[in-house]
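S.K.:
Chains as they are written, first to last, in the working numbering: chain A, 65 to 390; chain B, 65 to 390.
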């Protein structure tokens, strides 16, 4: 569980008593600060977007909370033991992966998550840019698995499984396109970008970035990508509560991560295959050294794609851009 | 070939005429600067350790050059097309790999090399520290191979082959211990540390650090490592000329690198095996999850070690610390 800061303790109490006044003394006791110091926490919370009424006699009352993925909003919802226990929040950042990599280089522990309300230079696979306006969920998780870098590609498939399972809790049935795009009705709702730093025989850190089109409209998506993209709000016809969704993503992700570390790659892979939209489909793969075609024949132990080609031979490709033909 | 700076052109001319005076006018013409600007180049060269005599009538004369691996000393010796075309030199740095990683993150091109006269926090594999006093060769090469990270471990073997071949040009016969220690008569003369930054399907950059005990004495080596370490000067009974040796290392390394990119992993591997001190030997491998024993049975396609165990079965291990028994 997350260890609460004093501010988080204050906001937790105010939320519990939603719409009612709480005395300054009670808040002070709950947060283990002096009665006189409470105003400082209140001011700091207001600066973050919380609307808090103060009455000299009755104390403080929470009027509204900001729709931000800040630790104050997440802390009470998080049920994990590692993932998300430290959240670094920014209103704006070039790319959450960039900041996460920087923090990881400086020694940020496993499970640290960087979340931004907006990315000014969001990145996807294959050097593609990724539109990241307000309303989406842009976050990067730092992992330090005790593994050789050989195993790193497995984490891209794992991340796609976690994102898909989190989306399923909203009552939606997503699909996965190799290696790690999550689609709804054929349109991309979530992209994943894994970056790793390693020595030859061990991973130093992994950074797994999730870009989830949550509460964004088709208009927020660049024209050229609009046809191929969708959002959770667009599919559901209503905005989602982002903070609980993020807490769910952390839980599901932690479960899958533990499973992989415990040696159950087969289990992760089977969950991936179950959601994969390519089974028995004819695939066109642009490997950037040429175009390959064939029938999807699963993935190998490292997450590389296998295609059964016209001559019956099965070939394996580590990288490329997939189009599902039929 | 290296494109010369003006300073490098001046020093090249002075070196050519070693012991003789060169007129300021001639130096100016050679370096494409004005006659009046030559004194600035001379002052800057003096600051780097060059001893240059000036005579109002006769011009300038080079008395001695510093024993430093600076671009001015290397430029004329380098015969490569990529490796070492940009050299970043420091008198002291925490670790050349650290600085190289930093430069690589900022976009330093393939072939950039970081060289330091001294490392204050030199690092080896397995979190070990690496004594790096003056006189040694401490350098890190930045590569950007268009490959999936799966292939990265091959570069550790490749680097060991390059270091061994460079040492062979001195008339010494080194051996390689898995994965990439270079030994002379059983004692370590060169260590290699590979670090990589990657996405799931492609390497962003590799940093390959070489730590070569060149002109250092047994006294420079920490007591606890003295028995297991040696130096080129110690073996030869004289100091080596470091700059030409580094230029040779760049050439050999570039050859091996091209060979791997051209698809000849088998060739690199065969050169590695030829120099390997473990063929048919009984090996003890500390995998950090337990100790394994067996007869060395080569390495796999990713550079992992294969051991034939007592029951006849061959097992493969990606990481570990090897002791050769007999």
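Ideal Cβ positions, reconstructed from N, Cα and C, are used throughout, including at glycine.
Which residue marks the beginning of the alpha helix (DSSP H) containing residue 336 of chain A, and which one marks its end?
M.R.: Numbered from 1 along the first chain, position 272 holds the residue referred to as residue 336 of chain A. 329-339 is the span of the alpha helix (DSSP H), which, as asked, contains residue 336 of chain A.
S.K.: Helix or strand or just coil, what does DSSP make of residue 133 of chain B?
M.R.: Walking along the second chain from the start, residue 133 of chain B turns up at place 69. Three-state result, residue 133 of chain B: coil.
S.K.: Taking 7 Å as the limit between beta carbons, can you name the residues of its chain near residue 257 of chain B, skipping five residues before and five after?
M.R.: In the second chain, counting from the first residue as 1, residue 257 of chain B sits at position 193. Closer than 7 Å at the Cβ level, and outside the excluded window around residue 257 of chain B, lie 161, 187, 188, 189 and 273.
S.K.: Is residue 261 of chain A close to chain B, meaning its C-beta is less than 8 Å from at least one C-beta of that chain?
M.R.: Residue numbering aside, residue 261 of chain A sits at position 197 when the first chain is read from its first letter. Judged by the 8 Å Cβ criterion, residue 261 of chain A is in contact with chain B.
S.K.: Just the C-alpha distance for residue 382 of chain B and residue 368 of chain B, rounded to the nearest angstrom, thanks.
M.R.: The count along the second chain starts at 1 and reaches residue 382 of chain B at position 318. The count along the second chain starts at 1 and reaches residue 368 of chain B at position 304. The alpha-carbon atoms of residue 382 of chain B and residue 368 of chain B are separated by roughly 4 Å.
S.K.: For residue 192 of chain A, would you say it is in contact with chain B, using Cβ-to-Cβ distances shorter than 8 Å as the test?
M.R.: On the first chain, residue 192 of chain A is found 128 positions in, with the first residue counted as 1. Judged by the 8 Å Cβ criterion, residue 192 of chain A is not in contact with chain B.
S.K.: Tell me whether the beta-carbon of residue 339 of chain B lies closer than 8 Å to the beta-carbon of residue 240 of chain B.
M.R.: Start at 1 with the first residue of the second chain, and residue 339 of chain B comes out as number 275. Start at 1 with the first residue of the second chain, and residue 240 of chain B comes out as number 176. Yes. Within cutoff.
S.K.: Could you check what DSSP says for residue 361 of chain A in three-state terms: helix, strand or coil?
M.R.: Position 297 of the first chain, counted from the first residue, corresponds to residue 361 of chain A. Residue 361 of chain A falls in the strand class under three-state DSSP.
S.K.: Please list, in chain order, all residues of the same chain as residue 118 of chain A whose beta carbon is under 6 Å from its beta carbon, the five residues on each side excluded.
M.R.: Looking up residue 118 of chain A in the first chain gives position 54. Cβ neighbours of residue 118 of chain A beyond the five flanking positions: 124.
S.K.: Can you find a C-beta in chain A that's less than 8 Å from the C-beta of residue 173 of chain B?
M.R.: Here residue 173 of chain B corresponds to residue number 109 of the second chain, with the count starting at 1. Answer no: the Cβ-Cβ gap between residue 173 of chain B and chain A never drops below 8 Å.
S.K.: Report the neighbours of residue 382 of chain B on chain A: residues whose CB is nearer than 8 Å to its CB, in chain order.
M.R.: Residue 382 of chain B sits at position 318 when you count from the first residue of the second chain. The contacting residues are 212, 214 and 265.
S.K.: Report the option in A:362, A:358 and A:363 whose CA atom is closest to the CA atom of residue 372 of chain A.
M.R.: The residue given as residue 372 of chain A occupies position 308 in the first chain. Among A:362, A:358 and A:363, the Cα nearest to that of residue 372 of chain A is on A:358.
S.K.: Taking a contact to mean a Cβ-Cβ separation below 8 Å, would you say residue 234 of chain B touches residue 304 of chain B in this structure?
M.R.: To locate residue 234 of chain B, count along the second chain from 1; it is residue 170. To locate residue 304 of chain B, count along the second chain from 1; it is residue 240. Closer than 8 Å, so yes.
S.K.: Using a Cβ-Cβ cut-off of 8 Å, state whether residue 257 of chain B counts as contacting chain C.
M.R.: Of the protein chains in the structure, A and B, none is chain C.
S.K.: Mind checking the stretch 356-374 of chain A against chain B and listing, in chain order, the residues whose C-beta falls within less than 7 Å of any C-beta there?
M.R.: Within the stretch 356-374 of chain A, the residues whose Cβ lies closer than 7 Å to some Cβ of chain B are 366, listed in chain order.
S.K.: In angstroms, rounded to a whole number, what distance separates the CA positions of residue 300 of chain A and residue 224 of chain A?
M.R.: By one-based count along the first chain, residue 300 of chain A stands at place 236. By one-based count along the first chain, residue 224 of chain A stands at place 160. Using only the alpha carbons, I get a separation of about 20 Å.
S.K.: Hey, how far is the Cα of residue 314 of chain B from the Cα of residue 142 of chain B?
M.R.: To locate residue 314 of chain B, count along the second chain from 1; it is residue 250. To locate residue 142 of chain B, count along the second chain from 1; it is residue 78. Near 8 Å, if we compare the C-alpha coordinates of residue 142 of chain B and residue 314 of chain B.
S.K.: Could you pull out every residue in the same chain whose Cβ sits closer than 8 Å to the Cβ of residue 77 of chain A, ignoring the five residues on either side in sequence?
M.R.: The residue labelled residue 77 of chain A in the question sits at position 13 within the first chain. Contacts found: 86, 90, 91, 94 and 95.
S.K.: Curious, which full-length beta strand (DSSP E) runs of at least 3 residues does the stretch 194-256 of chain A contain?
M.R.: The qualifying runs are 201-207, 239-241 and 245-248.
S.K.: Measuring only between beta-carbons, confirm whether residue 243 of chain B sits less than 8 Å from chain A.
M.R.: Against the second chain, residue 243 of chain B aligns to sequence position 179. It does; some Cβ of chain A falls within 8 Å.
S.K.: CB-CB under 8 Å to residue 366 of chain A, same chain, minus the five flanking residues each way: which ones, in chain order?
M.R.: As a working mapping, residue 366 of chain A is identified with position 302 in the first chain. Hits under 8 Å: 214, 215, 217, 218 and 382.
S.K.: Measure the CB-CB distance between residue 267 of chain A and residue 173 of chain A and report whether it falls below 8 Å.
M.R.: Locating residue 267 of chain A in the first chain gives position 203, where the first residue counts as 1. Locating residue 173 of chain A in the first chain gives position 109, where the first residue counts as 1. No, they are not a contact pair.
S.K.: Quick check: is the beta carbon of residue 387 of chain B nearer than 8 Å to any beta carbon in chain A?
M.R.: Here the question's residue 387 of chain B lines up with position 323 in the second chain. So no, residue 387 of chain B is outside the interface.
S.K.: Work out the CA separation of residue 121 of chain B and residue 97 of chain B for me, nearest whole Å.
M.R.: As a position in the second chain, residue 97 of chain B is number 33, starting the count at 1. As a position in the second chain, residue 121 of chain B is number 57, starting the count at 1. Cα to Cα, the separation comes out at about 20 Å.
S.K.: Residue 220 of chain B versus chain A: which residues are under 7 Å apart at the beta carbon?
M.R.: Here residue 220 of chain B is taken as the residue at index 156 of the second chain, counted from 1. Neighbours of residue 220 of chain B on chain A, chain order: 264.
S.K.: Residues of the stretch 81-96 of chain B with a CB closer than 9 Å to any CB of chain A: list them in chain order, please.
M.R.: Listed in sequence order: no entries.
S.K.: Quick one: does residue 217 of chain A have its CB under 8 Å from some CB of chain B?
M.R.: Walking along the first chain from the start, residue 217 of chain A turns up at place 153. Closer than 8 Å: yes.
S.K.: Can you list, in chain order, the residues of its chain whose CB lies under 7 Å from that of residue 341 of chain B, leaving out five sequence neighbours each side?
M.R.: The residue given as residue 341 of chain B occupies position 277 in the second chain. Counting only Cβ-Cβ distances below 7 Å, and skipping sequence neighbours, we find 239, 240, 241, 247 and 388.
S.K.: In chain A, what lies closer than 8 Å to residue 322 of chain B by C-beta?
M.R.: Position 258 of the second chain holds residue 322 of chain B. Result: empty, since nearest Cβ-Cβ is about 18 Å, beyond 8 Å.
S.K.: Helix or strand or just coil, what does DSSP make of residue 262 of chain B?
M.R.: Residue 262 of chain B sits at position 198 when you count from the first residue of the second chain. Residue 262 of chain B: strand per DSSP, three-state reduction.
S.K.: Can you give me the Cβ contacts of residue 251 of chain B inside the same chain, cut-off strictly under 8 Å, excluding the 5 residues immediately before and after it?
M.R.: Along the second chain, read from residue 1 onward, the residue named residue 251 of chain B stands at position 187. So the qualifying residues of the chain are 291, 292, 293 and 294.
S.K.: Return yes when the Cβ of residue 200 of chain A is within less than 8 Å of the Cβ of residue 278 of chain A, no when it is not.
M.R.: Counting from 1 along the first chain, the entry for residue 278 of chain A is found at position 214. Counting from 1 along the first chain, the entry for residue 200 of chain A is found at position 136. Contact: yes.
S.K.: Look at the alpha carbon of residue 126 of chain A and the alpha carbon of residue 108 of chain A, and state the distance between them as a whole number of angstroms.
M.R.: The residue given as residue 126 of chain A occupies position 62 in the first chain. The residue given as residue 108 of chain A occupies position 44 in the first chain. Each residue's Cα considered, the two are about 14 Å apart.
S.K.: Among the residues of its own chain, which have a CB less than 7 Å from the CB of residue 324 of chain A, if the five just before and after it don't count?
M.R.: Working through the first chain from its first residue, we reach residue 324 of chain A at position 260. These residues qualify, in order along the chain: 218, 222 and 332.
S.K.: Given this structure, state the Cα-to-Cα distance separating residue 147 of chain B from residue 116 of chain B, to the nearest angstrom.
M.R.: Locating residue 147 of chain B in the second chain gives position 83, where the first residue counts as 1. Locating residue 116 of chain B in the second chain gives position 52, where the first residue counts as 1. Each residue's alpha carbon lies about 30 Å from the other.
S.K.: Please name the residue in B:102, B:83, B:81 and B:80 whose C-alpha comes closest to that of residue 71 of chain B.
M.R.: As a position in the second chain, residue 71 of chain B is number 7, starting the count at 1. Of the listed residues, the one whose Cα sits closest to residue 71 of chain B is B:102.
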